[in-house]
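Asker:
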Amino acid sequence: MSHYVRRLGTAGAIQAQWLASVLIGAAAVAAVGACIAAALGYLPWLTLPLTFGDTTYEEAGRFVQIGIATLLVALASALPSGFRVLSLERSHRDFSICMSDVAEAYRICHAADRAGAFTLSHEFDAVRERIRFMRDHPDLRSLEPRILEAAAQMSTVSHEMAETYSDENIERARGFLRQRQDEIEDFRDRIVEATSQCHELRRWLEQVELEESIMESQLTQLEEQLGETLEKLGFVRERGNVVPMSATAAE
Numbered sequence: 000m001s002h003y004v005r006r007l008g009t010a011g012a013i014q015a016q017w018l019a020s021v022l023i024g025a026a027a028v029a030a031v032g033a034c035i036a037a038a039l040g041y042l043p044w045l046t047l048p049l050t051f052g053d054t055t056y057e058e059a060g061r062f063v064q065i066g067i068a069t070l071l072v073a074l075a076s077a078l079p080s081g082f083r084v085l086s087l088e089r090s091h092r093d094f095s096i097c098m099s100d101v102a103e104a105y106r107i108c109h110a111a112d113r114a115g116a117f118t119l120s121h122e123f124d125a126v127r128e129r130i131r132f133m134r135d136h137p138d139l140r141s142l143e144p145r146i147l148e149a150a151a152q153m154s155t156v157s158h159e160m161a162e163t164y165s166d167e168n169i170e171r172a173r174g175f176l177r178q179r180q181d182e183i184e185d186f187r188d189r190i191v192e193a194t195s196q197c198h199e200l201r202r203w204l205e206q207v208e209l210e211e212s213i214m215e216s217q218l219t220q221l222e223e224q225l226g227e228t229l230e231k232l233g234f235v236r237e238r239g240n241v242v243p244m245s246a247t248a249a250e
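For the sequence shown, numbering that gives the first Met the number 0 begins at 0 and goes up steadily by one.
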């Protein structure tokens, strides 16, 4: 709807410019004709006495009339270049509007193609099927036939890409990636749990080794104390066995 409003506004501006150009041209022709007729005596000159200080110029109207005619002729001589600029602007605006319409129609048609709305494989039938789809679409039914045809041809050319990146394939790829992501999250949780258990086992091993070292130290001290006590009682330890000293000495 918006592009039709733009077109209507553009047409109104163009008509207003053409009307202004025609009025300027007609005024220039009339002013020049009036000057020529006055010079030949068929029409009177413009009567416009001007006073500057104490001096009054009775023939000032003649010069004002000639000046206005000269100004209008100058404006009219610039009209052809203005027409060319206007024509270029109009052609550029029409091209932009047509291209925006084609792009919008192609976007909707390509989205429908990705969703699997078109089934015909022959090129002519595929183009006709797409044109029929766009004519039935509420946002595209008012576009010109040549715009629909261009969009349909573009959609037909990109049909292979639409099949490759169809909604079904895209959703399947997303599902596969979601599954891989879930597996990665599960594997990360297992790694975290294994790391925690490894740290716990390492702390436990260090604690056990520390306790073993303490027990060995205590056992060594106990053996030394026991050996000193046995020597005082007259026993001698040989190769881990305790034997009594000589009997006479004991007696």
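Even for Gly, the Cβ is constructed at its ideal location relative to N, Cα and C.
Please read all numbers here as calculations on a predicted model, not as lab measurements.
Quick check: the region 62 to 79 against the region 14 to 28, are there 3 or more CB pairs under 8 Å?
Answerer: A contact exists between the region 62 to 79 and the region 14 to 28.
Asker: Tell me where the beta strand (DSSP E) around threonine 50 begins and ends.
Answerer: What you label residue 50 is simply residue 51 of the sequence shown in a count that begins at 1. Run containing threonine 50: 49 to 51, per the beta strand (DSSP E) assignment.
Asker: Assuming leucine 49 contacts alanine 33 (C-beta within less than 8 Å), just tell me the rounded distance between them.
Answerer: Reading the sequence shown from its first residue, position 50 is the one you call residue 49. Reading the sequence shown from its first residue, position 34 is the one you call residue 33. The pair is not a contact, with the Cβ atoms about 19 Å apart (cut-off 8 Å).
Asker: Note the first and the last residue of the continuous alpha helix (DSSP H) segment covering leucine 39.
Answerer: Here residue 39 is taken as the residue at index 40 of the sequence shown, counted from 1. Unbroken run through leucine 39: none, as it is neither H nor E.
Asker: May I have the straight-line CA-CA distance separating arginine 61 from glutamine 16, to the nearest angstrom?
Answerer: The count along the sequence shown starts at 1 and reaches residue 61 at position 62. The count along the sequence shown starts at 1 and reaches residue 16 at position 17. Approximately 31 Å, taken between the alpha carbons.
Asker: If you draw a straight line from the C-alpha of alanine 38 to the C-alpha of tryptophan 44, how long is it?
Answerer: As a first step, residue 38 is located in the sequence shown; it is residue number 39 there, counting from the start. As a first step, residue 44 is located in the sequence shown; it is residue number 45 there, counting from the start. So the alpha carbons of these two residues sit roughly 8 Å apart.
Asker: Just to confirm before moving on: does the CB-CB distance between alanine 75 and isoleucine 23 stay below 9 Å?
Answerer: By 1-based counting over the sequence shown, the position of residue 75 is 76. By 1-based counting over the sequence shown, the position of residue 23 is 24. In this structure, isoleucine 23 lies closer than 9 Å to alanine 75 by Cβ.
Asker: I need the DSSP call for threonine 54, collapsed to helix, strand or coil.
Answerer: Locating residue 54 in the sequence shown gives position 55, counting from the first residue. Looking at threonine 54 - three-state DSSP - the assignment turns out to be strand.
Asker: How big is the Cα-Cα spacing for phenylalanine 186 and glutamine 178?
Answerer: Taking the first residue of the sequence shown as position 1, residue 186 is located at position 187. Taking the first residue of the sequence shown as position 1, residue 178 is located at position 179. Roughly 12 Å separates the two Cα atoms.
Asker: Taking a contact to mean a Cβ-Cβ separation below 9 Å, would you say leucine 47 touches valine 31 in this structure?
Answerer: Within the sequence shown, residue 47 is the residue found at index 48, counting from 1. Within the sequence shown, residue 31 is the residue found at index 32, counting from 1. Contact: no.
Asker: Output the boundary residues of the alpha helix (DSSP H) element that contains threonine 69.
Answerer: In the sequence shown, residue 69 corresponds to position 70, counting from 1. Residues 59 to 76.
Asker: Using three-state DSSP, classify leucine 255 as helix, strand or coil.
Answerer: This structure gives no information on residue 255, because the portion of the chain shown stretches from 0 to 250.
Asker: Just the C-alpha distance for leucine 18 and serine 80, rounded to the nearest angstrom, thanks.
Answerer: Counted from its first residue, the sequence shown places residue 18 at position 19. Counted from its first residue, the sequence shown places residue 80 at position 81. If you take the alpha carbons of leucine 18 and serine 80, they lie about 16 Å apart.
Asker: Run through DSSP, which three-state label would histidine 198 get?
Answerer: Numbered from 1 along the sequence shown, position 199 holds the residue referred to as residue 198. Correct three-state label for histidine 198: helix.
Asker: What does the alpha-carbon distance come out to for the pair leucine 221 and glutamate 215?
Answerer: Walking along the sequence shown from the start, residue 221 turns up at place 222. Walking along the sequence shown from the start, residue 215 turns up at place 216. One C-alpha to the other measures close to 10 Å.
Asker: To the nearest angstrom, how far is it from the Cα of leucine 232 to the Cα of glutamate 223?
Answerer: Counting from 1 along the sequence shown, the entry for residue 232 is found at position 233. Counting from 1 along the sequence shown, the entry for residue 223 is found at position 224. Cα to Cα, leucine 232 sits roughly 14 Å from glutamate 223.
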